[in-house]
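Each remark here refers to the structure printed beneath this line.
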Amino acid sequence: MITEFLKEIEGINFIDIGSSGNLNPKWKNLEPYINLTGFDPNGDECQRMSALPNNFRSLKYLPYAVAGDEDEHTLYKTKSIYCYSLLEPNTKWLNRFSFRELFEIIGKESINTVLLSKIESLKDLDADIIKVDTQGLEFPILSNAEDLMDKAFFIETETGFVQNYKGETTYAEIDLFMRSKGFLLFDLNTNHRISRNNIFKEDVTGSEQILWCEATWMKDYISSFDKGLLSEDSINREKALKILIICALQGSIDFGFELAILFNQLNILDQKELNLLQDKNNWMLIDLPSKPDDNLLKQNNNINLMGTFFRLLPACLRRDISIQAQISVTKKHLFKL
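Start counting the sequence shown at 328; every next residue gets the next number (the numbering used here).
Below, the structure written as structure tokens:
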């Protein structure tokens, strides 16, 4: 049933702010239906990523540094590229932890920032999914992109529980903001425990401090309609189908069915479709087509196999491997390939 809905839509519009060229593996089965818009301030890097093999319905990278204002900022380049930020690392705080080396500042660059709301190519975009991973700037970016947030159903944020960067807005602030915009928290990955920089830093127990998290939010259309914040003509059939598809992919079929009842009441879904959605098997995303790229398929299979093996390891060992992997990307190669 949900698979049939895919035939009616013009693709799921995914905005990736803080793009690294790869989405979370959970989106893999849906990639042939995703229209991905990613951001990187380096125009050459945008061209490079756009040229990589991919399985998306459409793909474009825009050469912008997105922030909460339009101004000139300093980009702090750290030893790990994954820790680059427009905010200065909170060195005094970070030095207390075993991964402090990743945040060592190795360079600075002046860079001009833009607001999402001012990017011309996004003004008419009916966004469905927004992912924000910008090292401490998630709140100012989203709070200045309310038109896109009004359209989006699913939002992913990565935020610190403490100020790992100077001036960083924390999860507590994101939580208040997202709830004020009608979003519900559906998942919280807090598997980011970092040991202190002392004699026990290698003795990971799984009870170290949690420094940041990834959060998954979905819009509560039911409460919004009850409160009169949305009118009956504010959602059409295509949007409703995309919402149900996203719920199916996330495994949130209880919430999806609750929304399906609402869409039936709004005459967006007919009674036959609602009846079929009472069977959990009809929420399965099966037999999804993909582009014929054997190399990409093998790569994805290898990634999935590695992910499965990784999840079999104890949590404390997974955390240690993750930290060491981040450190290793900053080291020189041992062999020339």
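In this text, a Cβ means the ideal position worked out from N, Cα and C, and glycines have one as well.
To the nearest whole angstrom, what separates the beta carbons of leucine 413 and phenylalanine 488, a pair I think is in contact under 8 Å? Contact doesn't hold; Cβ gap of about 20 Å is too wide.
Identify, in the order they occur along the chain, each residue of the same chain with its Cβ nearer than 7 Å to the Cβ of leucine 386, setting aside the five sequence neighbours on each side. Around leucine 386: Leu363, Ser377.
Would phenylalanine 430 and lysine 406 be called neighbours here (beta carbons separated by less than 9 Å)? Cβ atoms of phenylalanine 430 and lysine 406: closer than 9 Å.
For alanine 499, count the other beta carbons within 10 Å of its own beta carbon; 16 or more makes it buried, fewer makes it exposed. Which is it? Burial call: exposed.
Between alanine 479 and threonine 418, what straight-line distance do the alpha-carbon atoms span, to the nearest angstrom? Each residue's alpha carbon lies about 35 Å from the other.
Can you check DSSP and say which residues form a bridge with alanine 392? DSSP lists Thr440 as the bridge partner or partners of alanine 392.
DSSP puts histidine 400 in a beta bridge; with which residues? Beta-bridge pairing links histidine 400 to Ile438.
Report, in whole angstroms, the separation of the C-beta atoms of asparagine 563 and aspartate 455, which I expect to be a contact under 8 Å. That belief does not hold up - the Cβ atoms of asparagine 563 and aspartate 455 are roughly 13 Å apart, past 8 Å.
Rounded separation between leucine 604 and histidine 519 - CA only: The straight-line gap from Cα to Cα measures roughly 36 Å.
Within its chain, find whatever has a CB closer than 7 Å to the CB of aspartate 474; leave out the 5 residues flanking it on each side and keep chain order. Taking aspartate 474 as the centre and dropping the five residues before and after it, the same chain places the C-beta of Ser444 closer than 7 Å to its C-beta, in chain order.
Measuring only the C-alpha atoms, how far is isoleucine 408 from isoleucine 580? Distance between isoleucine 408 and isoleucine 580, taken at the CA atoms: about 37 Å.
Spell out the partners DSSP gives aspartate 343 in its beta bridges. Note: aspartate 343 sits in a beta bridge opposite Gly365, Lys458.
Pull up the distance between the alpha-carbon of glutamate 565 and that of phenylalanine 332, whole angstroms please. Each residue's alpha carbon lies about 9 Å from the other.
Do the CB positions of tyrosine 403 and proline 416 come within less than 9 Å of each other? Yes; because the gap between Cβ atoms is below 9 Å, this pair is in contact.
Check whether the Cβ atoms of leucine 469 and valine 459 sit closer than 9 Å, and answer yes or no. In this structure, leucine 469 lies near valine 459, with their beta-carbon atoms less than 9 Å apart.
From this set, Lys334, Gly365, Ser507, which residue's C-alpha is nearest leucine 357's C-alpha? Of the candidates Lys334, Gly365, Ser507, the one whose C-alpha sits nearest the C-alpha of leucine 357 is Lys334.
Put methionine 280 into one of helix, strand or coil per three-state DSSP. As shown, the chain starts at 328 and ends at 664. That puts residue 280 outside it, with no answer to give.
Where does tyrosine 326 fall in DSSP's three states? Here the chain has residues from 328 to 664 only, and residue 326 is not among them.
Does aspartate 514 come out as helix, strand or coil in the three-state DSSP assignment? Looking at aspartate 514 - three-state DSSP - the assignment turns out to be strand.
Starting from the Cα of leucine 381, find the closest Cα among Ile361, Ser551, Gly370 and give me that residue. The displayed chain sequence assigns asparagine, not leucine, to residue 381. It is Ile361.
In whole angstroms, what separates the C-alpha of asparagine 627 from that of leucine 350? Unreliable placement is indicated for asparagine 627, whose pLDDT of 44 sits below 50; the coordinate value is still reported in the next sentence. Their Cα atoms are separated by approximately 12 Å.
Using the three-state DSSP reduction, which class does proline 380 fall into: helix, strand or coil? In this structure, proline 380 counts as coil in the three-state DSSP scheme.
The beta strand (DSSP E) enclosing isoleucine 670, as first and last residue numbers: Because the chain here runs from 328 to 664, residue 670 falls outside it and cannot be looked at.
Excluding the five sequence neighbours on either side, which residues of its own chain have a C-beta within less than 6 Å of the C-beta of glutamine 490, listed in chain order? Here the set comprises Asn417.
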